[in-house]
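Here's the structure, in structure tokens; my notes come after.
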Amino acid sequence: MKFSKFLEWRKCSLLLCGIIFHLLKLNPFRKKDIWLFGAWIGKKYADNAKFLFEYVNQNHKEIRCVWITRNQKVCVQVKSLGYECYTSTSIKGILMMLRGGVSFFTNGLDDFCAIPLVAGSKVVALWHGIAGFKKIYNENYSGKKLKIKKGIDKFFNWVGRNFSIGTSEYTAERVEEQFGVKRESVLITGQPRNDIFKQHIDKNEVLKNVLDDDYSKVILYMPTYRVNPKTKKDEVKIILENLNSNQNFKDFLQQHKILFLAKLHPLTDFRIKPQINNIKILGDKSVSSVEQLLMSSDVLITDYSSCCVDFALLRKPVVFYVPDETEYLSYSSVNTAYKRVTQEKVKNVDDLVFLLKNVNMNSTNLLNELFEDKSIAGTCYSENVYQKVCERIAL
């Protein structure tokens with residue numbers, strides 16, 4: 046399903062899905078020890094849901110973990126790993142959605158199915174990036190529009206949940222405002238997908254498809270998706286074209302034997318041919334693990350994306366490159382964290398090169414101070430989620 050059609054379905058199906066949702070709340074056959082997991086509108090086996098799913102499977106055998114997907118290939122993949130998985134249109138998949146006592150999503154209730162069959166279970170929003178810089182959902186409404194939206198959300202909301210996870214008090218505040226939930230429903234646990242940062246990986250294996258030379262350093266560029274609504278132009282494409290053609294930038298990469306690796310957002314759709322071997326551009330489908338890609342990089346360049354929150358946990362430098370900031374802020378909104386964290390942002394290629402030559406940990410430290418609660422520092426985030434959820438459902 047294309048993103049535009051997906052959004053249309055969410056809008057036009059509200060009445061039908063709302064009625065089904067409330068009827069299914071009467072379902073008496075749910076079991077607390079059956080946990081359902083889904084991600085990315087049912088298309089991927091990835092993100093926070095994947096890491097929590099595998100952790101609970103391996104460490105808490107008393108829980109029956111079931112992955113629900115709309116994608117047959119994903120179903121085959123998960124089953125090949127030895128886990129239980131069903132497609133959302135199969136009889137077993139439907140039955141499990143009607144029996145599950147807890148449901149974990151990353152994007153919304155439609156991670157499981159186009160119809161909210163998980164209604165009545167305790168829904169936990171793991172999300173796909175914790176309270177970054179961009180204002181989302183309720184943060185973009187005010188006055189009567191906000192009241193109307195909250196009224197509709199009470200009837201039915203595709204991102205409705207019983208519990209949400211957070212990484213700090215600041216993120217808990219953001220989740221409260223974004224989704225209109227109460228503070229006590231936000232669990233400070235950390236993100237399960239970040240548990241992998243404590244493991245060892247083979248950097249050469251992760252980057253085997255792009256390491257065609259002996260590079261001294263890998264700089265990863267992960268921009269957020271954005272198309273200027275006024276010009277209809279993809280701003281990320283423009284930025285990459287400027288970097289690809291800038292001689293100062295290319296000289297810097299070649300002289301210092303640096304690999305500049307750009308990983309595009311899942312919604313981004315364009316191609317650019319790199320002018321030098323030091324520049325590589327990866328589409329979303331060519332990256333099997335974003336977490337491992339972050340771990341294999343020495344420096345992160347980003348803009349308004351929440352990936353910097355994850356990367357900062359690795360205690361490596363983060364650089365904010367926002368040449369389109371003025372235009373971006375004219376059609377999109379950011380929260381207070383953006384100003385607090387991006388104190389050393391740069392807006393042109395020459396300043397970017399200078400900062401890359403003199404990278405520091407200032408932005409990284411600011412990110413961790415705001416987004417990483419001291420109470421969970423160094424802990425297993427997946428175990429935190431498991432314990433908190435068990436407490437809340439009295440299991």
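Count along the sequence shown from 1, then add 45; that gives the number in our numbering. We put the beta carbon where it would ideally sit given N, CA and C, even for glycine.
Item: Length of the line joining the Cα atoms of S341 and I181; Value: 30 angstroms
Item: Status (buried if at least 16 other CB within 10 Å, exposed otherwise) for T134; Value: exposed
Item: Nonlocal neighbours in the same chain, by C-beta distance under 8 angstroms from L411, ignoring five residues either side; Value: R385, V386, Q388
Item: Beta-carbon proximity check, P237 vs L97, cutoff 9 angstroms; Value: yes
Item: Member of S166, S209, L81 whose CA lies at the smallest distance from the CA of L71; Value: S166
Item: Bridge-paired residues (DSSP) for W40; Value: The requested residue 40 is not part of the displayed model; the chain covers only 46 to 440.
Item: Short Cβ contact (9 angstroms threshold) for E417 with A357; Value: yes
Item: Where C435 falls: helix, strand or coil (DSSP); Value: helix
Item: Span separating the alpha-carbon of A91 from that of T151; Value: 9 angstroms
Item: For G196, the three-state DSSP class (helix, strand or coil); Value: helix
Item: Selection from G146, N185, D348, A164 that minimises the alpha carbon distance to L68; Value: A164
Item: Pair within 9 angstroms by beta-carbon distance, V434 and V123; Value: no
Item: Neighbourhood of L154 by C-beta, 6 angstroms cutoff - its chain only, sequence neighbours within 5 removed; Value: P161, W203
Item: Simplified DSSP assignment, three categories, for F297; Value: helix
Item: Proximity below 9 angstroms, CB of V379 to CB of F157; Value: no
Item: Secondary structure of N287, DSSP reduced to three states; Value: helix
Item: Beta strand (DSSP E) segment containing S209, residue limits; Value: 208-211
Item: Inter-residue Cα distance where the pair is K330 and D314; Value: 11 angstroms
Item: Alpha-carbon spacing of V404 relative to C130, whole angstroms; Value: 44 angstroms
Item: Cβ contact (3+ pairs, closer than 8 angstroms) linking the segment 201-221 and the segment 288-308; Value: no
Item: The segment 109-124 contacting the segment 78-94, beta-carbon criterion three pairs below 8 angstroms; Value: yes
Item: Interface flag, P368 vs chain B, CB-CB below 9 angstroms; Value: Any reference to chain B falls outside this structure, which holds one protein chain only.
Item: Separation of F200 from C62, as counted between CA atoms; Value: 10 angstroms
Item: N-terminal and C-terminal residue of the alpha helix (DSSP H) that E414 is part of; Value: 407-416
Item: Assigned exposure category for A422 - 16 Cβ within 10 Å defines buried; Value: exposed
Item: Cβ shell of L440 (< 6 angstroms), same chain only, five flanking positions each side left out; Value: K77
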